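Some notes on the structure that comes next.
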Amino acid sequence: MRRQIISVLVAIFFASPGWSGELAEVLRETRNHPAVAAAAGRADAAREQVSATRRRYLGSGGVMAEAARYEDQRFVGVLSPAAFANPPFARDLLSYGVSYTVPIDWAGVIAAASRAGESNLAAARFAERQITLLKLHGATSAYVRLQALHQQQEVLAIQRERVRQTLERVQIQVEAEQLSTAQLRLAQAEQARLQSDEVRLRGEIAAEQAALEEATGRRLLPSEMTIGIPPWKSDSSTDFLPSALANAQAQAATAQAHELRRSLWPALAAGAEYVQFDGNDYSPDAWSMSARLTVPIDPSAWKRVAAAQAQARTAAQEKQATERQAQRDWTALQSAYQAARADVDALEREVEARREVVRVQAELQRVGLASLEDFLRQQRDLLEAEARLTQARAGAVISWSAAQVLLGSEPEDYIASLDISTVKK
-3 MRRQIISVLV
7 AIFFASPGWS
17 GELAEVLRET
27 RNHPAVAAAA
37 GRADAAREQV
47 SATRRRYLGS
57 GGVMAEAARY
67 EDQRFVGVLS
77 PAAFANPPFA
87 RDLLSYGVSY
97 TVPIDWAGVI
107 AAASRAGESN
117 LAAARFAERQ
127 ITLLKLHGAT
137 SAYVRLQALH
147 QQQEVLAIQR
157 ERVRQTLERV
167 QIQVEAEQLS
177 TAQLRLAQAE
187 QARLQSDEVR
197 LRGEIAAEQA
207 ALEEATGRRL
217 LPSEMTIGIP
227 PWKSDSSTDF
237 LPSALANAQA
247 QAATAQAHEL
257 RRSLWPALAA
267 GAEYVQFDGN
277 DYSPDAWSMS
287 ARLTVPIDPS
297 AWKRVAAAQA
307 QARTAAQEKQ
317 ATERQAQRDW
327 TALQSAYQAA
337 RADVDALERE
347 VEARREVVRV
357 QAELQRVGLA
367 SLEDFLRQQR
377 DLLEAEARLT
387 QARAGAVISW
397 SAAQVLLGSE
407 PEDYIASLDI
417 STVKK
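Per the working numbering, residue -3 is the first one in the sequence shown, and the count goes up by one each step.
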């Protein structure tokens, strides 16, 4: 228990805004993306729609006021036995009143509409979380890919220097007739290939920078930070977010079909009305209470019900398809994560070994026992291993991030997991 409390305190300590790293700040900026705000707005609209549907039980009414002038006198009020004794007539007539009708939902139309609204609200909330996590995933992917691409830039810079020295050496040897011109063309071809790699790399960096800028709203170059790999949740539930979203949509479609079908039943409502008439010094009033039974006659409504039922069946099938796809994606992401972690473990050992080789080679080159070209080649091999290590880490982080989107993790938990695992180089 003490260890768990300490772990929670450490997590809160590192996840607090005062200790958040650059990636955490980037992700918090991503949460202000207009697409996230739009998804939140749709959830608010769905919430208001649920409230409006539930208030249908309260009924509806209105206040009426009318002033009229006729070409001759008209009867004031409503016909009744008492009015025949002294019939009131007036040319200028003013009437005002109030009426109210309360539905009696014996067919369950309003209840079905309420269930459909609640399902739509659940779907809107799931969609809001999904969009938020997708934006966080996009920002994280662009961030770690940019780090890997910048590492590749360092490799190409060392390789460019090595190719330049090789080309100069070959040119001197060709002029001294120690090598053929074919060797020179081969060295020039290697230089051209290197220039092509640099152009391709600059294009990839520009694309990832554009993706990161789209997520955050500002241009950003990642700092020299090692993005740690969060642990995989092996005991996580199989209730995936896409499945939950598809389930809510299927429930909403079923409830809407049920609402349309029940709306074909006779409708019952209770009403009350009060009207005051004024004209020619007469002011009679009238009130009434009523119960109304309405039998709908709408041949096209049956076709609308059939269409809604077909949509409900389609939504149920889409739910099953989404569940299968989610399980497949989960397995693929887990395999990719495990493979990337294995690559990281192997490359960390390789990098450590190559650093020792470079240190020895640098000492040999300093005392003249090794050429600068050999030293640059060893340094290039080290940077290539470090670049592959960065790519493997990026692959593991991206797989983990995609899994969080699939699981529907809380956005703050997502940010805190990456923030805690990030350390300086």
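Note that beta-carbon positions come from the ideal geometry of N, C-alpha and C, so glycine has one too. Bear in mind the structure is a predicted one, so any value in this text is a computation, not a measurement.
Inter-residue Cα distance where the pair is residue i and residue j
{"i": "Tyr410", "j": "Gln400", "result": "7 Å"}
{"i": "Gln69", "j": "Arg52", "result": "41 Å"}
{"i": "Arg121", "j": "Leu208", "result": "25 Å"}
{"i": "Glu382", "j": "Gly224", "result": "15 Å"}
{"i": "Thr136", "j": "Arg320", "result": "26 Å"}
{"i": "Glu269", "j": "Glu314", "result": "49 Å"}
{"i": "Gln155", "j": "Ala123", "result": "47 Å"}
{"i": "Asn82", "j": "Gly73", "result": "12 Å"}
{"i": "Thr327", "j": "Val166", "result": "52 Å"}
{"i": "Lys131", "j": "Ala211", "result": "7 Å"}
{"i": "Val354", "j": "Ala31", "result": "48 Å"}
{"i": "Tyr333", "j": "Thr386", "result": "14 Å"}
{"i": "Pro295", "j": "Ala265", "result": "23 Å"}
{"i": "Pro67", "j": "Leu75", "result": "Per the sequence shown, the amino acid found at residue 67 is Glu instead of Pro. When rounded, the distance between both Cα atoms is 21 Å."}
{"i": "Glu406", "j": "Val301", "result": "38 Å"}
{"i": "Asp370", "j": "Ser192", "result": "24 Å"}
{"i": "Thr310", "j": "Trp396", "result": "32 Å"}
{"i": "Glu255", "j": "Ala107", "result": "8 Å"}
Closest Cα partner of residue i within the set the options
{"i": "Arg258", "options": "Ala282, Thr49, Trp102, Leu378", "result": "Trp102"}
{"i": "Ala244", "options": "Gln334, Ala308, Val94", "result": "Ala308"}
{"i": "Val195", "options": "Ala183, Leu145, Ala335", "result": "Leu145"}
{"i": "Arg158", "options": "Arg38, Glu346, Leu132, Glu186", "result": "Glu186"}
{"i": "Ala322", "options": "Glu346, Ala188, Leu241, Gly37", "result": "Leu241"}
{"i": "Ala35", "options": "Pro99, Leu54, Leu19, Leu129", "result": "Leu129"}
{"i": "Gly17", "options": "Phe85, Glu44, Pro218, Thr177", "result": "Pro218"}
{"i": "Ala251", "options": "Pro84, Val74, Gln305, Asp88", "result": "Gln305"}
{"i": "Ala20", "options": "Ala119, Arg65, Gly58, Tyr139", "result": "Tyr139"}
{"i": "Ala118", "options": "Tyr278, Arg65, Arg288, Glu44", "result": "Glu44"}
{"i": "Glu204", "options": "Ala86, Ser239, Gly134", "result": "Gly134"}
{"i": "Ser91", "options": "Lys229, Glu408, Ala412, Trp283", "result": "Trp283"}
{"i": "Ala253", "options": "Leu378, Ser395, Gly113", "result": "Gly113"}
{"i": "Ile201", "options": "Arg214, Leu89, Gln148", "result": "Gln148"}
{"i": "Ala335", "options": "Leu180, Ala388, Pro226", "result": "Ala388"}
{"i": "Val347", "options": "Ala366, Arg362, Leu379, Glu359", "result": "Leu379"}
Short Cβ contact (8 Å threshold) for residue i with residue j
{"i": "Leu237", "j": "Leu414", "result": "no"}
{"i": "Ser56", "j": "Thr97", "result": "yes"}
{"i": "Ser343", "j": "Arg376", "result": "At residue 343 the sequence reads Leu, which differs from the Ser that was named. No, the Cβ-Cβ distance between Leu343 and Arg376 is not below 8 Å."}
{"i": "Val22", "j": "Leu216", "result": "yes"}
{"i": "Ala390", "j": "Arg141", "result": "yes"}
{"i": "Val340", "j": "Ala398", "result": "no"}
{"i": "Gly275", "j": "Ala86", "result": "yes"}
{"i": "Leu175", "j": "Gln169", "result": "yes"}
For residue i, the residue or residues it bridges with in DSSP
{"i": "Ser91", "result": "Glu62, Phe273"}
{"i": "Pro99", "result": "Ala265"}
{"i": "Gly57", "result": "Tyr96"}
{"i": "Arg70", "result": "Ala86"}
{"i": "Ser284", "result": "Glu269"}
### Query
What residue ranges within the stretch 288 to 369 form continuous alpha helix (DSSP H) runs of no fewer than 4 residues, ordered along the chain?
The stretch 288 to 369 contains these whole alpha helix (DSSP H) runs: 295 to 362.
### Minimum length 4: unbroken alpha helix (DSSP H) runs contained in the stretch 21 to 55
Here the runs fully enclosed are 30 to 50.
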